[in-house]
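Here it is, written out as structure tokens:
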């Protein structure tokens, strides 16, 4: 039997909001250690890696490893039915053909159950290599969201240039150009507002706005986002999910064909 | 495209 319970269904709602624009369906790998999703978008330009640790759940039981193929749009519709304060429980039996979402109101006077059919999916086992990055930048997620949104007006891509002083985002197109420089914060008294740059080598990489604007949908999950960059390897854009796990987006830099 | 190839190569299938 598989059962995972979260007191705050809002977390799962936000997780779905953060992946539904990139993935139409995905395999949820459930084991004793937690729930993991690794899936590429249809165009094979980005990869989503979601990790929810079992110890982050309020109740977690997984008797045997399960691979459950789920429609992300259907799951998203079901989670929209949960009240903001509801508790959510995911439940499936061994060799399941469906998964049940149970929403319980805080005073336990309302109990709603939604059953979703699982889908058969081709298993894509991806290996994410260990990489030491030339630059790792931590910054407020709201700032990153705003920069991606603002610069998207000027072109289809944004160039990230990182030095030890800070990071510069720039875009150019038919209407003109724009660039935004963020300096490393001198004193990180307020952790949520801090901009921290760890640089081994300066990097300059260009990424598609379309994908960046999908990644920033994870902004409501965490006040800070971490960007890890090296030449010729995918950008990693990471948001922590409270004490329960993280979502990482990988995006290949634009390379002139 | 090269970007797709880069990603496919980077996440080599196990």
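Residue numbers (the working numbering), protein chains in the order written: chain A, 2 to 258; chain B, 2 to 15. For every residue, glycine included, the Cβ atom is placed at its ideal position computed from N, Cα and C.
Secondary structure of residue i, DSSP reduced to three states
| i | result |
| --- | --- |
| residue 170 (chain A) | strand |
| residue 245 (chain A) | coil |
| residue 15 (chain B) | A caution first: residue 15 (chain B) carries a pLDDT of 46, below 50, which makes its placement in the model unreliable, though a value can still be read off. Of the three classes helix, strand and coil, the one that applies to residue 15 (chain B) here is coil, per DSSP. |
| residue 132 (chain A) | coil |
| residue 38 (chain A) | strand |
| residue 11 (chain A) | helix |
| residue 219 (chain A) | helix |
| residue 49 (chain A) | strand |
| residue 86 (chain A) | coil |
| residue 1 (chain A) | This structure cannot speak to residue 1 (chain A), because chain A is shown only from 2 to 258. |
| residue 156 (chain A) | coil |
| residue 150 (chain A) | helix |
| residue 112 (chain A) | strand |
| residue 237 (chain A) | strand |
| residue 65 (chain A) | coil |
| residue 199 (chain A) | strand |
Inter-residue Cα distance where the pair is residue i and residue j
| i | j | result |
| --- | --- | --- |
| residue 36 (chain A) | residue 186 (chain A) | 35 Å |
| residue 240 (chain A) | residue 57 (chain A) | 16 Å |
| residue 102 (chain A) | residue 216 (chain A) | 26 Å |
| residue 4 (chain A) | residue 53 (chain A) | 13 Å |
| residue 184 (chain A) | residue 173 (chain A) | 21 Å |
| residue 15 (chain B) | residue 190 (chain A) | Only weak support exists for where residue 15 (chain B) lies, its pLDDT of 46 falling under 50; the coordinates are left without a value. |
| residue 255 (chain A) | residue 105 (chain A) | 46 Å |
| residue 166 (chain A) | residue 230 (chain A) | 16 Å |
| residue 141 (chain A) | residue 193 (chain A) | 6 Å |
| residue 233 (chain A) | residue 149 (chain A) | 21 Å |
| residue 33 (chain A) | residue 60 (chain A) | 12 Å |
| residue 62 (chain A) | residue 23 (chain A) | 29 Å |
| residue 117 (chain A) | residue 100 (chain A) | 5 Å |
| residue 43 (chain A) | residue 188 (chain A) | 42 Å |
| residue 11 (chain B) | residue 130 (chain A) | 7 Å |
| residue 71 (chain A) | residue 2 (chain A) | 18 Å |
| residue 12 (chain A) | residue 112 (chain A) | 19 Å |
Identified DSSP bridge partners for residue i
| i | result |
| --- | --- |
| residue 5 (chain B) | According to DSSP, which records beta bridges pairwise, residue 5 (chain B) is partnered with nothing at all. |
| residue 182 (chain A) | A:169 |
For the structure I just gave you, are there three or more beta carbon pairs, one from the region 124 to 141 of chain A and one from the region 194 to 210 of chain A, closer than 8 Å? Three or more Cβ pairs closer than 8 Å define a contact, and the region 124 to 141 of chain A meets that threshold against the region 194 to 210 of chain A.
Kindly confirm or deny that the region 23 to 32 of chain A and the region 79 to 90 of chain A touch, where touching means at least three C-beta pairs closer than 8 Å. They do not touch, by the three-pair rule.
Three or more C-beta pairs closer than 8 Å, one from the region 114 to 127 of chain A and one from the region 205 to 221 of chain A: is that the case here? Counting Cβ pairs under 8 Å, fewer than three are found: no touch.
Which residues, in chain order, does the region 229 to 242 of chain A contribute to contact with chain B at a C-beta distance below 9 Å? Only 233, 234, 235 from the region 229 to 242 of chain A bring a Cβ to less than 9 Å from some Cβ of chain B.
With contact counted as at least three CB pairs below 8 Å, one residue from each stretch, are the region 223 to 243 of chain A and the region 138 to 147 of chain A in contact? Judged by pairs of C-beta atoms under 8 Å, the region 223 to 243 of chain A touches the region 138 to 147 of chain A, as three or more such pairs exist.
Residues of the region 110 to 132 of chain A whose Cβ lies closer than 8 Å to any Cβ of chain B, in chain order: Hits within the stretch, in order: 125, 126, 127, 128, 129, 130.
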